[in-house]
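Asker: After the structure tokens below, expect a handful of questions from me.
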Amino acid sequence: MKDQTEPLTALARQPSILIVDDDAANLASLGKVLRREQLDVREASHGREALDLLREQPASVVITDFQMPGMSGLDLLRSIRAISPETEVILITAYGTIEMAVDAMKQGAYDFVVKPFKRHDIVRPVRRALEKYALIEENRRLRNELERTLGVREIIGQSPLMRDTLELVDQVAPSSATVLVTGESGTGKELVARAIHSGSRRSGKPFVAINCAAIPDSILESELFGYERGAFTGAVQRREGRFERAHTGTLFLDEIGEMAPHVQVKLLRVLQEGEIERLGGTQPIMVDCRIVAATNRDLAAEVRDGRFREDLYYRLNVITVELPPLRDRPEDVPLLAHHFLGKYAEKNGKEMLGITSEAMTLLASYKWQGNVRELENVMERAVVLARGPQVTANELPTGVRMGSKSTRTLTIPLGTPLEEVEKRLINETLRITKGDKRLAAQMLGIATRTIYRKLESWGDTE
Ligand SMILES: Nc1ncnc2c1ncn2[C@@H]1O[C@H](COP(=O)(O)OP(=O)(O)OP(=O)(O)O)[C@@H](O)[C@H]1O
Ligand SMILES: [Mg+2]
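Numbered by the working numbering, the letters in the sequence shown go through residues 18 to 479 in order.
Printed below as a string of structure tokens:
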């Protein structure tokens, strides 16, 4: 599939320019200037011809004279907006028409150049318009790629590490084998557990999840196995446990590393015998559940330290799917970022075109500690804060903008006078921001002028 799309992408990104002017001499000289820049240039002597050429083959940038007989530059701009909204339009105006050109900018023109102009007066805006066009194209390409990936599975990942992982997921899903999903917090363990269920023959049957860390030890047992009426005080009526509810389907035991030892014993027995017993019950009940367990702990180490039963570990660990941390697969960041951009744009009713390349560079180089969940949160915040159609570096949290530097620490002995603490903290933060006081103030949650005042009071004019 990739082989088919690559040349198309290259074609779409080939910068092409269309110039429109009723004055043949102007048209020729502008064409010469731009061809010398190695650009692919077409020429039209009036608006209609320009539109015909555009319909034949789109252009990245159209440069048009403002005053032309018949269709004016402004009319042409409106038509281009309608038939080829991604094309950027630059207007060439005479002095007398500057106001109209400004009005044209409001209607979506990229820029205008006043006659007479020098070579670089036109080359510079053309280059910038081409960059913008390429950026939007790139965003569109990523979105298309996303749609293709999403069509198959909801799990996004094109990096070699994720491809291997997803291949394993596809391989194990159809069986009924017990799977242990491991990975740091926010790497997508639950997503994978659900994918395993939906890729199995049990997909039409229940998927029941239980988070062993979120349920108190005393209740976990009755939650898993259910109870009979009168089994304990408060058991006023019989209740099915999660095992029974997941019968014929999949039971997802999340955060299994947190399971108390006495529940581990019971779980082991169920896995060995395929039967459960409700609390206070006398009859074993046959259950058929596929077990998928997840943990962010190193279970082997937990076994070594005696916190997790070895026999249970081997029962669960028939197949391990290990999710790599996001910082080890930066190639996945652009796709994920776009996925979340789309998700939160829709949720917030915002039209978002993409992410600037500066912002994307920051996202891709950040050492994600909270993994995909952290990236998702960052993108949600960015969409909410974005003032324009693109997420820029301004909408990214300071930590992401500063890179890994923000995780630097400062050790201060207990009992240090507060004023001294404040001084060292502010100075260290300023060192990290390379003296940018506004940014430092933002990181510290204080007003910029407070920093200035304090520096002054410490006799530090830097
Ligand atoms: N590869 C991925 N593609 C798309 N979304 C993802 C991916 N990985 C994670 N997510 C999203 O990130 C969020 C966190 O994922 P999930 O809850 O599966 O992580 P987890 O490993 O179970 O985390 P925790 O250990 O904190 O429970 C979810 O909203 C999930 O949809
Ligand atoms: Mg989870």
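Here a beta-carbon is modelled for each residue, glycine too, at the ideal position from N, C-alpha and C.
What are the partner residues of Ser192, as DSSP defines its beta bridges?
Answerer: DSSP, once it has assigned bridges, lists no residue as partnering Ser192.
Asker: Return the CA-CA distance between Leu402 and Val350, expressed in angstroms with no decimal places.
Answerer: 20 Å
Asker: Measure the C-alpha to C-alpha separation of Ser193 and Leu270 and round it to an integer number of angstroms.
Answerer: 15 Å
Asker: Would you check whether ligand 1 has a heavy atom nearer than 7 Å to the C-beta of Val79?
Answerer: no
Asker: Under 8 Å, do Thr81 and Ile115 count as touching if we go by C-beta distance?
Answerer: no
Asker: I want to know whether the region 209-219 touches the region 380-391 - three or more CB-CB distances under 8 Å.
Answerer: Contact fails between the region 209-219 and the region 380-391, because fewer than three Cβ pairs, one in each stretch, are under 8 Å apart.
Asker: Output the distance between the C-alpha atoms of Thr299 and Tyr330, rounded to the nearest integer angstrom.
Answerer: Between Thr299 and Tyr330, the C-alpha separation is close to 28 Å.
Asker: Looking at Leu296 and Gly200, is the spacing between their C-beta atoms short of 8 Å?
Answerer: no
Asker: Using only alpha-carbon positions, find the residue among Glu240, Asp57, Glu103, Ala41 that is nearest to Arg259.
Answerer: Glu240
Asker: For the beta strand (DSSP E) that contains Glu60, what are its first and last residues?
Answerer: Segment 57-61, the beta strand (DSSP E) holding Glu60.
Asker: For Ile232, is the beta carbon positioned less than 7 Å from some heavy atom of ligand 1?
Answerer: No, ligand 1 has no heavy atom inside 7 Å of this Cβ.
Asker: Given Arg255, which residues of its chain have a CB within under 8 Å of its CB, disregarding the five upstream and five downstream residues?
Answerer: Gly243, Tyr244, Glu245, Arg246, Arg295
Asker: Let me check you understand the geometry: is the CB of Ala311 closer than 7 Å to at least one non-hydrogen atom of ligand 2?
Answerer: Within the cutoff, so yes.
Asker: On a CA-only basis, which of Tyr127, Glu272, Gly113 is nearest Arg95? Give me that one, please.
Answerer: Tyr127
Asker: Is it buried or exposed, Asn365, if we count other Cβ atoms within 10 angstroms and call 16 or more buried?
Answerer: exposed
Asker: With a Cβ-Cβ cutoff of 8 Å, do Glu162 and Leu352 count as a contact?
Answerer: yes
Asker: Which residues share a DSSP beta bridge with Ser33?
Answerer: DSSP lists Asp57 as partners of Ser33.
Asker: Assuming Lys367 and Val408 form a contact by the criterion Cβ under 8 Å, report the distance between their Cβ atoms to the nearest whole angstrom.
Answerer: Actually they are not in contact, since the Cβ atoms of Lys367 and Val408 sit about 10 Å apart, beyond 8 Å.
Asker: Ligand 1 heavy atoms versus the CB of Gly203: any closer than 7 Å?
Answerer: yes
Asker: Quick one, which of Ser374, Val309, Gly48 has its alpha-carbon nearest Val189's?
Answerer: Val309
Asker: What does DSSP give as the partner residue(s) for Asp82 in the beta ladder?
Answerer: Ile109
Asker: Report the rounded CA-to-CA distance for Ser421 versus Arg52, giving the unit in angstroms.
Answerer: Per-residue confidence for Ser421 stands at a pLDDT of 49, beneath the threshold of 50, marking its modelled position as unreliable; no derived number is given.
Asker: Indicate the three-state DSSP secondary structure (helix, strand or coil) for Tyr127 in the structure shown.
Answerer: Correct three-state label for Tyr127: coil.
Asker: Near Arg326, what residues of its chain come up, given a Cβ to Cβ distance below 6 Å and the 5 sequence neighbours on each side ignored?
Answerer: Gln281
Asker: Would the region 57-68 count as touching the region 30-47 if we require 3 or more Cβ pairs under 8 Å?
Answerer: yes
Asker: On the three-state DSSP scale, how would you describe Gln300?
Answerer: coil
Asker: Does the region 262-277 come within contact of the region 225-235, defined as at least 3 CB pairs closer than 8 Å?
Answerer: yes
Asker: If you draw a straight line from the alpha carbon of Val79 to that of Gly87, how long is it in whole angstroms?
Answerer: 18 Å
Asker: Quick one: does the C-beta of His355 sit closer than 7 Å to a heavy atom of ligand 1?
Answerer: no
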